[in-house]
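J.: For the sequence shown, our numbering assigns the number 145 to the initial residue and increments by one for each residue that follows.
From the three backbone atoms N, C-alpha and C, an ideal C-beta is built for every residue, glycine too.
Note that the structure is a prediction, hence the values are computed from the model and not measured.
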Amino acid sequence: MSSAQKNVVTLDKLVSLCKRRGFVYQSADIYGGLNGVYDFGHLGALLKKNIRALWTDSINQHGSIVMLEGALLGPEPVWEASGHVKNFHDPMIDCLTCKKRFRADDINIEKGCPSCGNKSWTDVRQFNMMFKTQLGASSQSSSQAYLRPETAQSIFINFKNVLTTSRVKIPFGIAQIGKAFRNEITPKQFLFRMREFEQMEVEWFCKGDQTESALQSWKKARMVFYKQLKINQTKLRLRDHGPNELAHYSTACVDVEYEFPFGWKELEGIAHRGNYDLTQHSKHSGKDLSVFDDAKKESYVPHVIECSVGVDRLFLTLLFDAYTEDVVGGEARTVLKFAPAVAPIKAAFLPLTKKQTEQTKAIFDRIKQSTKLDLQLDVSGSIGKRYRRQDEIGTPLCFTYDFDSDDDKKVTVRDRDTTEQKRISIDSIEAYLLEQLGK
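1) Mind checking which residues open and close the beta strand (DSSP E) that includes S394?
2) Terminal residues of the continuous alpha helix (DSSP H) containing T308?
3) For the beta strand (DSSP E) containing G418, list its first residue and its last residue.
4) Have a look at T544 and V471 and give me their C-alpha separation to the nearest angstrom.
5) When every heavy atom of the ligand PLP is checked, does at least one fall within less than 6 Å of the C-beta of K157?
6) Below 7 Å CB to CB, which residues in the same chain sit around K553 once its five sequence neighbours on both sides are set aside?
7) Determine which residues share a DSSP beta bridge with M274 and list them.
8) Less than 8 Å between the CB atoms is what I'm expecting for F341 and A324, so what's the real figure, rounded?
9) Between K427 and E442, what straight-line distance do the alpha-carbon atoms span, to the nearest angstrom?
10) Return helix, strand or coil for T206, following the three-state DSSP convention.
11) Could you name the residues that DSSP lists as bridge partners for K255?
12) If you drop the 5 nearest sequence neighbours on each side, which residues of the same chain put their C-beta closer than 8 Å to that of L519?
13) What does DSSP give as the partner residue(s) for V557 in the beta ladder?
14) Can you give me the Cβ contacts of S310 inside the same chain, cut-off strictly under 7 Å, excluding the 5 residues immediately before and after it?
15) Is the segment 400 to 417 touching the segment 356 to 371 in the sense that three or more CB pairs, one from each, lie closer than 8 Å?
16) Would you identify the three-state DSSP class for Q333, choosing helix, strand or coil?
17) Enumerate in chain order the residues of its own chain whose CB-to-CB distance from R383 is below 6 Å, with the five nearest sequence positions on each side excluded.
18) Could you give the first and the last residue of the continuous alpha helix (DSSP H) run that contains R511?
19) Please classify R567: is it buried, with 16 or more other beta-carbons within 10 angstroms of its beta-carbon, or exposed?
Right under this line is the structure:
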């Protein structure tokens, strides 16, 4: 049994584990790396796949939701209408000695330059965080485009397309999972603040007099989602934005915050965007984005409640929350105590020695084919090392085929969190596995 359980996670420990076990790699690492951009290995890709699926399931429980996959590039008029060209800025300041650049609101610069210690700075300037590019060979202003800094705008500019083709009625939501890009001045804290990241957003369209009840309903629904992920509830809270914090499009905003080792930080934003976006795009495009109310015989522009969470930031949160160090049989171990639905590998199949590999692989192949789950066959190293390896990547269950299995037709199943072991029949592995995973 495990003892002295403790969450002593640090950012350095997590970065090391992610690279060592193949969750996350620094992008272009062999060329020195690209700051604020990361590649995800096999385990990372599986974890992100699970996050997307669980999020999609959670929003579909809320009402009529349709999906959209928008383009990454958007012409300049889209971002002028949305207000991003004018308002999407961060305050920037440069060290006069080492020339390194920082956000002016970064508390770390109050004692001097974090790089060289100098206390002489340039004046603060506003830095637009969007990535600009040219379409085709033309250098005319009409060919300018931007990589999207958020996924929401492709939802708004497609609002009428979705409304007419999907046969939905107000209230309803349009959801999207996709990449966004922000030229952060100082990307930091690993996956917390990145230049290329992935968002999961739902825009809930409703009448103006429905927005307050919709906002409260979505706040409750989003907290239920994090409870379902088994995130430590004492590390979660809702925080209302003050008037000086609101984005240019927001009437009200609430953040779901998580207590990271570096403080309470935003995990998800739940915003009342009013009808700002549809009104702006109607004005700038000349296209009518209003909806006709048959009962009142009048047109209106729907209001929007937005729920937006980063896949990568939630990925980081789940790692922080699951990371545990304890002692088993007098030996220290690191374990990721993911909820089974989150775990990238659902179960591992281990022969006690290489002599049992063929029998173990036959069981592994059968279970993988019948369940379609992400499983792993682990045959190298001592059985103890393999258990530790599976603990460290968060695998909930290990099934071991041993010397007695040929005779009693049973395997030993080991629980990741308790390390308890028991014998079950080979024929019952599938049913046992699905039951433990809540399938």
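T.: To lay it out plainly:
1) For S394, there is no enclosing beta strand (DSSP E), as DSSP marks it with neither H nor E.
2) That run of the alpha helix (DSSP H) goes 303 to 309.
3) Going by DSSP, G418 is part of the beta strand (DSSP E) stretching over 407 to 418.
4) Answer to the nearest angstrom: the Cα atoms are 22 Å apart.
5) As presented, the structure is devoid of all ligands, the ligand PLP included, so that no description of it is given.
6) Contacts found: S569, I570.
7) According to DSSP, which records beta bridges pairwise, M274 is partnered with nothing at all.
8) F341 to A324, Cβ: 6 Å. Contact.
9) For K427 and E442, the distance between alpha carbons rounds to 19 Å.
10) Residue identity differs from the one stated: residue 206 is His in this sequence, not Thr. Here H206 sits in coil by DSSP.
11) Residue pairing by DSSP places K255 in no beta bridge whatsoever.
12) Closer than 8 Å at the Cβ level, and outside the excluded window around L519, lie I489, K490, A491, A492, F493, F508, I511, K512.
13) Residue pairing for V557: DSSP places it in a beta bridge opposite F543, K566.
14) V210, listed in sequence order.
15) Yes, the segment 356 to 371 touches the segment 400 to 417.
16) The answer is coil: DSSP assigns Q333 none of H, G, I, E or B.
17) Within its own chain, the residues whose Cβ lies closer than 6 Å to the Cβ of R383, once the five positions on either side in sequence are excluded, are D399, E401, listed in chain order.
18) Contrary to the premise, residue 511 reads as Ile rather than Arg in this sequence. Unbroken alpha helix (DSSP H) run through I511: 501 to 515.
19) Per the 10 Å Cβ criterion, exposed.
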